[in-house]
Amino acid sequence: MSETAYERPSVEDSTVDHTADIAAIQQLVTDVETGYNTNDAELMVSGFTADAAAGNAVGTIIAGYDTLLDSARRGLAGFLADEYVRYAVTDIVFLRPDIAIAHKTARAVTEHGELIDRDPAMVALYVLVREDGRWWVAARQNTPVPAPA
Numbered sequence: 000m001s002e003t004a005y006e007r008p009s010v011e012d013s014t015v016d017h018t019a020d021i022a023a024i025q026q027l028v029t030d031v032e033t034g035y036n037t038n039d040a041e042l043m044v045s046g047f048t049a050d051a052a053a054g055n056a057v058g059t060i061i062a063g064y065d066t067l068l069d070s071a072r073r074g075l076a077g078f079l080a081d082e083y084v085r086y087a088v089t090d091i092v093f094l095r096p097d098i099a100i101a102h103k104t105a106r107a108v109t110e111h112g113e114l115i116d117r118d119p120a121m122v123a124l125y126v127l128v129r130e131d132g133r134w135w136v137a138a139r140q141n142t143p144v145p146a147p148a
């Protein structure tokens with residue numbers, strides 16, 4: 000079998016200053032956290048595109064803004080009503096000037112913000128796009144992190 004040698008591309012964009020983009024993406028994640036902690040489903044999903052898809056912590060893919068909003072409403076009125084989280088954006092990589100991926104960690108906290116989890120209980124991957132000067136979440140995947148033994 001013949002193998003062609005390829006130089007692996009680097010896809011991290013460095014053509015523009017992303018300082019404002021980083022702040023906008025961090026604000027999107029903050030809005031998700033604030034929406035979660037205040038049971039505000041509209042705020043929680045306000046940064047998602049019309050055709051966004053999100054994989055939740057139990058492996059279900061929820062597609063489309065209206066479905067995401069409905070799911071957030073049901074969750075926040077039900078089993079998530081008295082749950083609270085703290086998110087931390089751990090990295091943002093710009094693949095192109097208008098496409099980014101970001102990771103966040105999530106930890107459970109009390110209603111007053113005191114940590115319950117010693118380590119992140121979940122990590123999430125966001126795929127973000129900039130449209131008309133605004134950053135949007137096109138996809139998100141939540142992955143639970145098993146508690147240390």
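Start counting the sequence shown at 0; every next residue gets the next number (numbering that gives the first Met the number 0).
Yeah, the Cβ is synthetic: ideal placement off N, Cα and C, and Gly gets one too.
Assigned secondary structure, residue i (DSSP; H/G/I helix, E/B strand, else coil)
i: residue 88; result: strand
i: residue 18; result: helix
i: residue 40; result: helix
i: residue 35; result: helix
i: residue 7; result: coil
i: residue 65; result: helix
i: residue 136; result: strand
i: residue 46; result: coil
Separation of residue j from residue i, as counted between CA atoms
i: residue 74; j: residue 80; result: 7 Å
i: residue 20; j: residue 123; result: 19 Å
i: residue 93; j: residue 126; result: 10 Å
i: residue 110; j: residue 3; result: 57 Å
i: residue 113; j: residue 38; result: 18 Å
i: residue 116; j: residue 14; result: 39 Å
i: residue 107; j: residue 129; result: 30 Å
i: residue 34; j: residue 78; result: 15 Å
i: residue 98; j: residue 28; result: 16 Å
i: residue 43; j: residue 87; result: 15 Å
i: residue 67; j: residue 95; result: 26 Å
Counted within 10 angstroms of its Cβ, other Cβ atoms place residue i as buried (16 or more) or exposed
i: residue 7; result: exposed
i: residue 60; result: exposed
Rounded distance between the beta-carbons of residue j and residue i, thought under 8 Å
i: residue 138; j: residue 71; result: In fact, because the Cβ distance is near 16 Å, the residues do not count as touching under 8 Å.
i: residue 105; j: residue 84; result: 5 Å
Just list the alpha helix (DSSP H) runs in the segment 90-130, keeping only unbroken ones of 4 residues or longer that don't cross its boundaries, in chain order.
-> Contiguous alpha helix (DSSP H) elements confined to the segment 90-130 do not occur, taking only those with 4 or more residues.
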